[in-house]
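First up is the structure itself, then whatever we jot down about it.
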Amino acid sequence: MKKLAEVYRGKAKTVYATEDPNFLILTFRNDTSSLDGRRVQKFERKGMINNKFNYFIMNKLADVGIPTQIVRLLSDHDVLVKKLAMIPVECVLRNIAAGCMVRRLGIEEGLVLNPPIFDLFLKNDVMHDPIINESYCITFGWASAHHLSRMKQLTYKVNDILSTIFDNAGFILVDFKLEFGLCNGEIVLGDEFSPDVSRVWDKKTLDNMDKDRFRKNLGDVIKAYESLAKRIGVKLD
Ligand code: C5P
Numbered sequence: 001m002k003k004l005a006e007v008y009r010g011k012a013k014t015v016y017a018t019e020d021p022n023f024l025i026l027t028f029r030n031d032t033s034s035l036d037g038r039r040v041q042k043f044e045r046k047g048m049i050n051n052k053f054n055y056f057i058m059n060k061l062a063d064v065g066i067p068t069q070i071v072r073l074l075s076d077h078d079v080l081v082k083k084l085a086m087i088p089v090e091c092v093l094r095n096i097a098a099g100c101m102v103r104r105l106g107i108e109e110g111l112v113l114n115p116p117i118f119d120l121f122l123k124n125d126v127m128h129d130p131i132i133n134e135s136y137c138i139t140f141g142w143a144s145a146h147h148l149s150r151m152k153q154l155t156y157k158v159n160d161i162l163s164t165i166f167d168n169a170g171f172i173l174v175d176f177k178l179e180f181g182l183c184n185g186e187i188v189l190g191d192e193f194s195p196d197v198s199r200v201w202d203k204k205t206l207d208n209m210d211k212d213r214f215r216k217n218l219g220d221v222i223k224a225y226e227s228l229a230k231r232i233g234v235k236l237d
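Laid out in structure tokens, this is it:
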């Protein structure tokens with residue numbers, strides 16, 4: 001499958017058309033961004049690590065029946081995916097309080113959230129991805145009640161599967177963001193799962209193993225991504 005025209009350039013990935021209108025190629029670049037894309041830095045190997053990380057995780061999820069858009073890995077940076085009609089809403093699952101939730105509510109970072117919290121955000125950079133709820137999605141037509149219910153159900157299932165994978169490797173899955181789309185009327189998991197879109201802490205040291213290393217200027221961003229990938233079983237070379 002060949003890369004044709006660029007369809008969309010995101011902050012860390014570029015989407016290309018292919019000869020077949022039902023398929024796209026996602027290219028994971030080395031760019032890392034924060035502050036709604038106002039701060040960008042390139043890290044050697046990052047695109048390759050996230051591409052293989054995402055492929056590994058999506059396959060684990062597909063193995064337990066979660067529909068994903070992944071078709072096959074094409075190269076270090078490229079993956080072939082099914083084309084989805086993306087829903088403009090981000091699903092965030094939180095097991096532990098961190099990030100914007102701590103800032104918004106003034107609660108203590110590290111608080112165990114039982115049961116885990118499911119948040120929705122509108123994908124809109126200009127408005128800084130505002131927090132929304134089901135009612136907004138329905139009124140403004142961003143997602144139907146039926147589709148939201150499936151997205152929520154799948155997000156909790158992803159949490160069960162991935163919490164176990166990370167726990168077995170000595171990590172805590174703190175929170176993560178998923179994006180879904182529609183393919184032939186079915187809700188399918190799209191976009192990516194990588195340390196760019198999740199928070200993962202080392203169980204013993206509580207070290208950040210994810211993009212918070214970049215956000216908080218902690219250094220060793222790629223060292224952490226690589227160590228996390230290797231310890232959960234992603235083959236990088
Ligand atoms: O910033 P916040 O605490 O809401 O982030 C929750 C989780 O969602 C984090 O793992 C973060 O990396 C991810 N996220 C994301 N893209 C966004 C917002 C959050 O991947 N636009």
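For the sequence shown, position 197 (counting from the first letter as 1) is numbered 197 according to full-length UniProt numbering, and the numbering increases by one without interruption. Just so it is clear, CB atoms sit at the ideal spot from N, CA and C, and this is done for glycine as well.
Problem - Bounding residues of the beta strand (DSSP E) (the contiguous stretch that carries Asn124) - result: Here residue 124 corresponds to residue number 124 of the sequence shown, with the count starting at 1. Asn124 -> no beta strand (DSSP E), and no H or E assigned at all.
Handout entry: Residue interval of the beta strand (DSSP E) (run including Ala17)
Key = Within the sequence shown, numbered from 1, the residue matching residue 17 stands at position 17. Taken as a continuous stretch (DSSP letters only), the beta strand (DSSP E) holding Ala17 covers Lys13 to Ala17.
Exercise for the section: Quick one: give me the first and last residue of the beta strand (DSSP E) that Ala85 is part of. Expected result: Position 85 of the sequence shown, counted from the start, is the residue given in the question as residue 85. Ala85 to Ile96 is the span of the beta strand (DSSP E), which, as asked, contains Ala85.
Exercise for the section: Hey, could you find the ends of the alpha helix (DSSP H) Arg213 is sitting in? Expected result: For the purposes of this step, residue 213 is identified with residue 213 of the sequence shown, where counting begins at 1. Arg213 -> alpha helix (DSSP H) spans Asp212 to Arg215.
Exercise for the section: Say yes only if the C-beta of Val197 is nearer than 7 Å to one or more non-hydrogen atoms of ligand 1, and no if none qualify. Expected result: Within the sequence shown, numbered from 1, the residue matching residue 197 stands at position 197. The nearest non-hydrogen atom of ligand 1 is less than 7 Å from the C-beta of Val197.
Handout entry: Own chain partners of Leu162 with C-beta closer than 6 Å, once the 5 adjacent residues on each side are dropped
Key = Counted from its first residue, the sequence shown places residue 162 at position 162. If we look at Leu162 and ignore the five residues flanking it on each side, its Cβ neighbours are Leu173.
Practice task
Note the first and the last residue of the continuous alpha helix (DSSP H) segment covering Arg150.
Solution key: Here residue 150 refers to the residue found at position 150 when the sequence shown is read from its first residue. First-last of the alpha helix (DSSP H) with Arg150: Ala145 to Asn168.
Exercise for the section: Taking only the alpha-carbon atoms, compute the straight-line gap between Lys46 and Pro195 and give it to the nearest angstrom. Expected result: Within the sequence shown, numbered from 1, the residue matching residue 46 stands at position 46. Within the sequence shown, numbered from 1, the residue matching residue 195 stands at position 195. C-alpha separation (whole angstroms): 10 Å.
Practice task
Give the DSSP-derived three-state secondary structure of Asp63 in the structure shown.
Solution key: Here the question's residue 63 lines up with position 63 in the sequence shown. DSSP places Asp63 in helix when its eight states are reduced to three.
Handout entry: Helix, strand or coil at Glu108 according to DSSP, with G and I counted as helix
Key = For the purposes of this step, residue 108 is taken as the residue at position 108 of the sequence shown. Residue state, collapsed to three classes: coil.
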